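This report concerns only the one structure given below.
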Amino acid sequence: MHKIVKGVVQKGKGYAGTLGFPTVNIPLADDISGIFAARVTVKEGEAPYMAAVFADPKRKILEAHILDFEDDLVGQEIGIELFEKIRETEKFESEDDLRAAIAEDIKKVRRKL
């Protein structure tokens, strides 16, 4: 899979941040779902950042945990280039299970990109 999604970053609820994995959120028009390895372009001409991306077609949102990046991007347009689906979305029994799955997703992204 190779798809580019652009949008203006919206303020989210901050739940992923409480788990230790803050995300940037942009609107999602397509029916994409799953967890993806991706690159995020913050500013034209700059090198892209690696990211683990959660696509949620029910909430129509794309959430990207940008690796090694901490700036606040709310209100800025970014581009998210989805490269490879890592796994399907799933429900977890506990926050610890979710945290472990996200950490594993990030390891996979670092190996792929």
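Position one of the sequence shown corresponds to residue 29 (my numbering), numbered consecutively onward. A virtual CB, placed ideally from N, CA and C, is assigned to each residue, including glycine. Quick caveat: nothing in here was measured; it's all calculated off a predicted structure.
For this session: Please report how far the alpha carbon of LEU56 lies from the alpha carbon of TYR77, in whole angstroms.
Result: The straight-line gap from Cα to Cα measures roughly 20 Å.
Exercise. Measuring CB to CB, does VAL70 end up less than 7 Å from ILE108?
Worked result: The answer is no: Cβ separation not under 7 Å.
For this session: May I ask you to verify whether the stretch 118-125 touches the stretch 35-42, counting CB pairs closer than 8 Å and requiring at least 3?
Result: By the Cβ rule, the stretch 118-125 does not count as touching the stretch 35-42, because fewer than three pairs are nearer than 8 Å.
Exercise. Leaving out five residues before and five after LYS136 in sequence, what residues of the same chain have Cβ atoms less than 6 Å from its Cβ?
Worked result: Closer than 6 Å at the Cβ level, and outside the excluded window around LYS136, lie ILE114.
Exercise. Which value, in whole angstroms, describes the spacing of the CA atoms of ALA129 and ILE60?
Worked result: ALA129 and ILE60: Cα-Cα distance of roughly 20 Å.
Exercise. In or out: THR51 buried (at least 16 other Cβ within 10 Å) or exposed?
Worked result: Classified as buried, THR51 has 16 or more neighbouring CB atoms from the shown chains inside 10 Å of its CB.
Exercise. Going by DSSP, what residues sit across from THR69 in a beta bridge?
Worked result: Beta-bridge analysis with DSSP links THR69 to GLY107.
Problem set entry | Distance between beta carbons of LEU141 and ALA65, contact taken as under 8 Å | For a cut-off of 8 Å, the C-beta gap from ALA65 to LEU141 is around 6 Å, short enough to register as a contact.
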